[in-house]
Each structure stands twice: as C-alpha cells, then as structure tokens.
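*Asks:* Take 781 as the starting number for the sequence shown in the working numbering and just add one per residue. No residue lacks a Cβ here, since even glycine has one placed at the ideal position from N, Cα and C.
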Amino acid sequence: MIEYENLGKLNAPFFDEYEKAFKQTLESGWYILGNKVQAFETEFSAYCNTKHCIGLASGLDALILSLRSFDFEKGAEVIVPSNTYIATILSIIHNGLKPVLVEPDIATYNIDPAKIEEKITSKTRAIMVVHLFGKMCEMDSINAIAKKHNLKVIEDCAQAHGALYKNKKAGNWGDFGAFSFYPTKNLGAIADAGAMTTNDSDLADKIKTLRNYGSKTKYYNELVGFNSRLDEIQAAFLSVKLKKLDAINQHKRNLAKLYLSELKSYFIKPVVHPDYFDVYHIFNIRHEKRDALKEYLLQNQIKTEIHYPVAPNKQKAMAGIIDNQITPIAEKIHQTTLSLPISFYHSEQDILKVIEVMNKF
C-alpha cells in the first residue's frame, strides 16, 4: 500500500534530534515563551527574510490575531478566495467581519487578481490571500490593488513554507504572513502550532501582547487578549526541522516533476511558471471522474485525499453567512480535485508506481 501520508515515517529522520531537543526543554523547567520559542522565531524570520516572527498556537490563531490587530469596525469586509480551507474564512467571522468571496484562477487555484476590484466596496478593509497547495499568489498585482484602495494585505501561508514568487518568499509580501505548522505541512510540528511574520515592528509588538492575554508585563493587561502561545517543545522540534526545510521542499519538487512529466495529459496537472517556486505541500490533479479515479487507485493499493470535498460557501456552518455568494469556479475545483501522494518519505519508485497505475485509468 502506498499511503497518502504517514507521520511516523515522515518524522523518523528527525527522531534522534527531537529526543535531544525534548530532553533539553524538559530539563530546562521553562515551558512557555522561553529560549526555544525565541530561537525559532529568530530562525524562521531569517528564513522568510522578515524582520519579525511571532510564535502562536495555530495557523488559525495567526489569521485571527492578524485581523484583530487592525481593530477593524464590526461588519467591515475582507476579500478572501472562494477556494480555500475553511480556517481562512473562520478567522474573518470570528472577528465580526464579513467575508467577501473572490473566485480563483482555474489554472492556479489561487485568487484571481482580475476579479478583486469588482468586489471592493466602501466597507472593504483588507485582502486575505491564500497560497494554496504551495503555490504563491500573484502578489505584485494584489499589492498594487491594495495600495490603490488603501487596504491591508494578509497572506495565509499555511501551505507555502519556503515558496517564492519572483524570488521573494511567502510571508514577506503583505502586512502579515500567517503560518500553520500542522504536522502534515512541509514544516510540520508534532501538534498544532503556528506563527506570524511581519516587517512592521509596531504590529509585531501588538501581536506579542495579544497572544499573551493582552499582557506585556505579567498580571498587567493592556488589551483584550488571547492565550495563543507556541510552546517550547514544538518550537524546539520546529528548529530541528527548519534546518531541513529546503531539502524537504526540493524532495517534493523532484517528486512533482515526475508527476508533471509522466502523467498523461487527460489529467489536469498544476501549472508551472518561472516566476513561481512551488513547494507542493499538496500535489493535486483534476479529473471529471474524480471519485471513480480515487476508488480505482484505492483498489490498486494507493491512497489519496481530496482538498477539499466541499466549497466553503457550501458548508453547513456557513448557512446564512456566505452561502448566498455564488462560486461556480471554486465548486468546479472542489468537485474534480484529487491530491496524490507526495510526502517527504515517499520515494521516486513510489511515485512512478502511482503514475503507472493512473495512466491505465
């Protein structure tokens, strides 16, 4: 069986260093906002070429706090792609703001800059982009629109650790870059974890306060804050894996190259362009008979996933919130997309086997 993912196998190369890092952290007696968090924040900000990194409890919290830091009025609108994981939209709702869905480019699956301005109103305050599957959005065009309309830009970088657009990394284009370190990510922890990057020192200071109950000094609270702190153990593990992130990304790019070159043309494959350095957190293809293809692969001992089976505006939780927004392109993607195995632990032989089976479908 070729599994879609196996976190034990994925993390096996790091076990020895994880054990050392765990032992050091355990013996230090300092488990919240200590030296391990500070070290990872320094290392990851350097990796992203940003001035600041603030460790948080999850990627969702990074999105929530980024919006909270701007103090937008209740009911203000935030532009967001219609083709995204629900967390992006939840962060807007949890701030009392209105998500305004913009359809993706059917070729890249990312928000289409040409469709943004028609959705901007006097209530629009920000554009929240999502670098889906490890491909960055067209950030120069998006930033130009944001500047024209005086809007904030937040990058959802949950799937784009190390991805580049025009040689500039994800998390270094907007006011904030929000990262998830969920275990399956290219830079994954072994529990929920997240971080935010920014080049604005005042915003960085505010996020540090918000994550810690709104407090800069213990027991003195300046803001209505949250408990959203990256813990010392996860920070220690992330520092270990960060050293290998470029190798992880390159391995996945090598596997993706096999899919791109060898899969038959009746599968719709990800587009490749020299302006983009894609890191393939997910390698997705599209096919009109997606469900039959998924079952066929399973019968042939190959597991796949669907990212995602239901468009956000079709989720039960979104009834009365965004279910009246029409998104035929996003829904088409959700009906036809299939994610193929592309883990750091997969070998080229694994991928060639998947290709061999798929090409007989």
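1) Looking only at its own chain, which residues have a Cβ that is under 6 angstroms from the Cβ of residue 1124, when we skip the five neighbours before and after it?
2) Contact between the stretch 906-916 and the stretch 793-801: three or more CB pairs below 8 angstroms?
3) How do the stretch 982-991 and the stretch 961-972 stand: do at least 3 beta-carbon pairs fall below 8 angstroms, yes or no?
4) Please report the distance separating the alpha-carbon of residue 1048 from that of residue 826.
5) For the alpha helix (DSSP H) that residue 923 lies in, which residues bound it at each end?
6) Between the beta-carbon of residue 771 and the beta-carbon of residue 926, is there less than 8 angstroms?
7) Do you know offhand how far residue 969's Cα is from residue 839's?
8) Could you give the uninterrupted runs of the alpha helix (DSSP H) lying entirely in the stretch 849-873, keeping only those of 4 residues or more?
9) Would you kindly report the start and end of the unbroken beta strand (DSSP E) that includes residue 907?
10) With DSSP as the reference, identify every bridge partner of residue 992, one or two as the case may be.
11) With residue 1092 and residue 866 assumed to form a contact (beta carbons below 8 angstroms), what rounded beta-carbon distance in angstroms separates them?
12) Mapping the DSSP letters down to three states, classify residue 781 as helix, strand or coil.
13) Mark residue 1053 as exposed unless 16 or more other C-beta atoms lie within 10 angstroms of its C-beta, in which case mark it buried.
14) Please list the terminal residues of the continuous beta strand (DSSP E) segment that includes residue 960.
15) Per DSSP, residue 1057 forms a beta bridge with which residues?
16) Where does residue 1100 fall in DSSP's three states?
17) Nearest to residue 1006 by CA position, among 928, 846 and 889, is which residue?
18) Determine, using beta-carbon pairs with one atom in the stretch 1108-1119 and one in the stretch 1064-1073, whether at least three such pairs fall under 8 angstroms.
19) Identify whether residue 830 lies in helix, strand or coil by the three-state DSSP scheme.
20) Exposed or buried, residue 932, counting other C-beta atoms within 10 Å across all chains shown (16 or more means buried)?
21) Which residue comes first and which comes last in the beta strand (DSSP E) that contains residue 1110?
22) At what residues does the alpha helix (DSSP H) containing residue 1034 begin and finish?
23) Suppose the cutoff is 7 angstroms on Cβ atoms and the five residues either side in sequence are ignored; what does the same chain contact list for residue 1044 look like?
24) Evaluate residue 1097 with the Cβ neighbour count: other Cβ atoms within 10 Å of its Cβ, from every protein chain shown; 16 or more gives buried, anything less gives exposed.
25) Counting pairs of beta carbons, one from the stretch 1014-1024 and one from the stretch 853-867, are three or more of them closer than 8 angstroms?
26) Is residue 787 helix, strand or coil when you go by DSSP?
27) Does the CB of residue 933 have a neighbour CB from chain D at under 8 angstroms?
28) Candidates 1050, 1088, 882 and 894: which alpha carbon is nearest residue 1105's?
29) With which residues is residue 1000 paired in a DSSP beta bridge?
30) Compute the Euclidean distance between the alpha carbons of residue 893 and residue 920, then round it to the nearest angstrom.
31) I'd like to confirm the pairing. Which residues does DSSP put opposite residue 815 in its beta bridges?
*Replies:* Put simply:
1) Taking the first residue of the sequence shown as 1, we reach residue 1124 at position 344. Once the five neighbours on either side are set aside, the close Cβ partners of residue 1124 are 790, 1028 and 1031.
2) no
3) no
4) Here residue 1048 refers to the residue found at position 268 of the sequence shown. Here residue 826 refers to the residue found at position 46 of the sequence shown. When rounded, the distance between both Cα atoms is 36 angstroms.
5) Residue 923 sits at position 143 when you count from the first residue of the sequence shown. Segment 919-928, the alpha helix (DSSP H) holding residue 923.
6) An answer regarding residue 771 cannot be provided, because it is not within the stretch 781 to 1141 covered by the chain.
7) For the purposes of this step, residue 969 is identified with residue 189 of the sequence shown, where counting begins at 1. For the purposes of this step, residue 839 is identified with residue 59 of the sequence shown, where counting begins at 1. Near 12 angstroms, if we compare the C-alpha coordinates of residue 839 and residue 969.
8) 866-873
9) Taking the first residue of the sequence shown as 1, we reach residue 907 at position 127. Taken as a continuous stretch (DSSP letters only), the beta strand (DSSP E) holding residue 907 covers 904-910.
10) Looking up residue 992 in the sequence shown gives position 212. Looking at the DSSP assignment, residue 992 forms a beta bridge with 1007.
11) Sequence index remark: in the sequence shown, residue 1092 carries index 312 (1-based). Sequence index remark: in the sequence shown, residue 866 carries index 86 (1-based). Your pair residue 1092 and residue 866 checks out as a contact, with CB atoms roughly 5 angstroms apart and the cut at 8 angstroms.
12) Counting from 1 along the sequence shown, the entry for residue 781 is found at position 1. Note: residue 781 maps to coil in three-state DSSP.
13) Residue numbering aside, residue 1053 sits at position 273 when the sequence shown is read from its first letter. With fewer than 16 Cβ atoms within 10 Å of its Cβ, residue 1053 is classed as exposed.
14) Counting from 1 along the sequence shown, the entry for residue 960 is found at position 180. That run of the beta strand (DSSP E) goes 956-960.
15) Within the sequence shown, the letter at position 277 stands for residue 1057. For residue 1057, which the question treats as bridged, DSSP gives the partners 944.
16) Counted from its first residue, the sequence shown places residue 1100 at position 320. DSSP places residue 1100 in coil when its eight states are reduced to three.
17) One-based indexing of the sequence shown puts residue 1006 at position 226. The residue with the shortest Cα to Cα distance from residue 1006 is 846.
18) Yes: at least three Cβ pairs fall under 8 angstroms.
19) On the sequence shown, residue 830 is found 50 positions in, with the first residue counted as 1. Three-state result, residue 830: coil.
20) Position 152 of the sequence shown, counting from 1, holds the residue named residue 932. Answer is buried; the Cβ neighbour count reaches 16.
21) On the sequence shown, position 330 is the one that residue 1110 refers to. Counting along the chain, no beta strand (DSSP E) covers residue 1110; the unbroken alpha helix (DSSP H) around it starts and ends at 1108-1116.
22) Against the sequence shown, residue 1034 aligns to sequence position 254. From DSSP, the alpha helix (DSSP H) with residue 1034 extends over 1025-1042.
23) For the purposes of this step, residue 1044 is taken as the residue at position 264 of the sequence shown. The residues are 1139.
24) For the purposes of this step, residue 1097 is taken as residue 317 along the sequence shown, with counting starting at 1. When all chains shown are included, residue 1097 counts as exposed.
25) The stretch 1014-1024 is not in contact with the stretch 853-867.
26) To locate residue 787, count along the sequence shown from 1; it is residue 7. If DSSP states are grouped into helix, strand and coil, residue 787 belongs with the helices.
27) In the displayed structure, chain D is absent; only one protein chain is listed.
28) The residue you call residue 1105 lines up with position 325 of the sequence shown. Here the closest residue by C-alpha is 882.
29) On the sequence shown, position 220 is the one that residue 1000 refers to. For residue 1000, which the question treats as bridged, DSSP gives the partners 997.
30) Within the sequence shown, residue 893 is the residue found at index 113, counting from 1. Within the sequence shown, residue 920 is the residue found at index 140, counting from 1. The straight-line gap from Cα to Cα measures roughly 10 angstroms.
31) In the sequence shown, residue 815 corresponds to position 35, counting from 1. In the DSSP output, where bridge partners are listed per residue, residue 815 has none listed.
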